[in-house]
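In full-length UniProt numbering, the protein residues as written are 1 to 98.
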């Protein structure tokens, strides 16, 4: 996976950093979790403060275009972000086997 940051802008009003990126990959499309982990490690930020918004792939091209927002603190993230986007970023609960 190779990331290319196409836009990096600081939004002081909402206490966040807004990114647009292009990700090139081999094989199948990477999961949201692996994209978050790699992007957080690359930008040296906390993974819990990073929210992925839009991911688009094109047919036949091993390339993904997306947007991410990195918040300064958890309170700003929870007050600004939509609930369904926050749920997408959480790990799935493990089901109990009988």
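Note that the Cβ used here is the ideal one computed from N, Cα and C, for glycine as well.
Query                                                                                                        : Result
C-alpha distance - residue 48 paired with residue 21, whole-angstrom precision                               : 19 angstroms
As assigned by DSSP and simplified to three states, the class of residue 71                                  : strand
Cβ separation of residue 16 and residue 8, assumed to be a contact under 8 angstroms, to the nearest whole Å : At roughly 12 angstroms, the Cβ-Cβ gap does not stay under 8 angstroms, so residue 16 and residue 8 are not in contact.
Same chain, Cβ closer than 7 angstroms to residue 85, neighbours up to 5 away in sequence not counted        : 51, 53
First through last residue of the alpha helix (DSSP H) which encompasses residue 34                          : 32 to 43
8 angstroms Cβ cutoff met for residue 63 and residue 19                                                      : no
For residue 7, the three-state DSSP class (helix, strand or coil)                                            : strand
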